[in-house]
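The block underneath contains the structure these notes are about, expressed in structure tokens.
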Amino acid sequence: MAVTDLFAQRATLARSLRLLSEFRYEQSDPARFYGALAADTATMVGDLWQALRGAPPAGRTLLDVGGGPGYFASALSAAGVRYIGVEPDPSEMHAAGPVRADARDVFVRASGMALPFADDSVDICLSSNVAEHVPRPWQLGGEMLRVTKPGGLVVLSYTVWLGPFGGHETGLSHYLGGARAAARYTRKHGHPPKNNYGSSLFAVSAADGLDWADSTGAAIAAYPRYHPRWAWWLTSVPVLREFLVSNLVLVLQPQ
Numbered sequence: 200m201a202v203t204d205l206f207a208q209r210a211t212l213a214r215s216l217r218l219l220s221e222f223r224y225e226q227s228d229p230a231r232f233y234g235a236l237a238a239d240t241a242t243m244v245g246d247l248w249q250a251l252r253g254a255p256p257a258g259r260t261l262l263d264v265g266g267g268p269g270y271f272a273s274a275l276s277a278a279g280v281r282y283i284g285v286e287p288d289p290s291e292m293h294a295a296g297p298v299r300a301d302a303r304d305v306f307v308r309a310s311g312m313a314l315p316f317a318d319d320s321v322d323i324c325l326s327s328n329v330a331e332h333v334p335r336p337w338q339l340g341g342e343m344l345r346v347t348k349p350g351g352l353v354v355l356s357y358t359v360w361l362g363p364f365g366g367h368e369t370g371l372s373h374y375l376g377g378a379r380a381a382a383r384y385t386r387k388h389g390h391p392p393k394n395n396y397g398s399s400l401f402a403v404s405a406a407d408g409l410d411w412a413d414s415t416g417a418a419i420a421a422y423p424r425y426h427p428r429w430a431w432w433l434t435s436v437p438v439l440r441e442f443l444v445s446n447l448v449l450v451l452q453p454q
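Residue numbers (the working numbering): 200 to 454.
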């Protein structure tokens, strides 16, 4: 069984449309948006682990790199995993609590590019929409591989810069350039965007991620996170994937 076989069955057009409809609440109702995304992510991680190891991830330790206030903690803890969230920004960490779904949930303030964990210490390492917010995304990826046990699971998902959501809250104006998009947003709203190009938002391509994953020798799958299964072929087409794969999932298994 391929590692994506179970999740592919859930990757329907209805799922894609449902998730797309939630994106409009990211700024106005983050709990709603991230709650829906967390539930979908927990299912995805569970399916990948099940296909990889032949059993659910219950009882395993999962490290969520860039977990913020813990919106994902509830959904992942409900799957029976031991949750550890890592977040470098105290304002993000305390934006909603943190949301501790289980008394055993752990939240650590630290950088994803220098994780304070021993080699081979967790079963699953997840990073959802973080790589585009750090200046050295593949250093983050390397740290995720380092702390994950051999035979474990690394899932690194990030927003592709030239995709429609690459500019985050600046909208499609990022096609004019990141600095111009940030300046335009500031003029319109009277304050800079939360995700400011060059400091907290960076241009990361699909090709960059695929090349890095291949270089590790641990890559086992890559696919568009929010697309239906019949559109996953876009990942394999250079240039086209930069514009049409809005979010790329890299799946790796350390050896």
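All C-beta atoms in this analysis are idealised placements derived from N, C-alpha and C, irrespective of residue type, glycine included.
Min CB distance residue i to chain B below 8 Å
i      : result
His390 : Within the model displayed, chain B is absent; a lone protein chain is all it includes.
Collapsed DSSP secondary structure at residue i in the structure displayed
i      : result
Gly311 : coil
Val202 : coil
Lys393 : coil
Ser398 : coil
Thr260 : strand
Asp319 : coil
Arg217 : helix
Arg424 : coil
Ser227 : coil
Ser445 : coil
His293 : Reliability fails at His293, whose pLDDT of 45 lies under 50, so the model's placement of it is uncertain and the value that follows must be treated cautiously. DSSP places His293 in coil when its eight states are reduced to three.
Ala210 : coil
Sequence-distant residues of its chain with Cβ nearer than 6 Å to residue i (five each side left out)
i      : result
Arg379 : none
Asp318 : Arg345
Asp407 : none
Neighbourhood of residue i by C-beta distance below 7 Å, restricted to the same chain and skipping five residues each side
i      : result
Gly350 : Gln452
Tyr396 : Gly377, Ala378, Ala380 and Ala381
Glu225 : Phe232
Trp431 : Tyr422 and Pro423
Residue i versus residue j: straight-line alpha-carbon distance, rounded
i      : j      : result
Gly266 : Leu439 : 30 Å
Phe168 : Leu236 : Lying outside 200 to 454, the shown extent of the chain, residue 168 is not represented and no answer is given.
Leu212 : Tyr425 : 9 Å
Tyr233 : Tyr270 : 6 Å
Thr369 : Arg209 : 31 Å
Ile283 : Leu325 : 10 Å
Leu371 : Arg335 : 24 Å
Leu361 : Pro256 : 34 Å
Met243 : Ser220 : 19 Å
Asp239 : Ala274 : 9 Å
Asp413 : Phe401 : 21 Å
Thr385 : His367 : 14 Å
Gly279 : Ser227 : 30 Å
Ser435 : Trp429 : 13 Å
Trp337 : Ile419 : 17 Å
His388 : Gly416 : 45 Å
Gly253 : Leu352 : 13 Å
Cβ-Cβ separation, residue j to residue i (assumed contact under 8 Å), whole Å
i      : j      : result
Pro423 : Leu447 : 7 Å
Val321 : Val346 : 6 Å
Ala313 : Glu342 : 7 Å
Leu433 : Leu443 : 5 Å
Val202 : Leu262 : About 19 Å separates the two Cβ atoms, so there is no contact after all.
Val329 : Gly340 : About 10 Å; that fails the 8 Å criterion.
Phe222 : Leu247 : Not really, about 23 Å apart at Cβ, beyond 8 Å.
Tyr357 : Val403 : 6 Å
Same chain, Cβ closer than 8 Å to residue i, neighbours up to 5 away in sequence not counted
i      : result
Ser399 : His332 and Lys393
Lys348 : Asp319, Ser320, Val321, Asp322 and Pro453
Review point. What alpha helix (DSSP H) runs, 4 residues minimum, are completely inside the segment 230-279?
Key: 270-277
Practice item. Please list the segments of the alpha helix (DSSP H) lying wholly inside the segment 328-416, counting only runs of 4 or more residues, in order along the chain. Key: 336-346, 377-388 and 405-415
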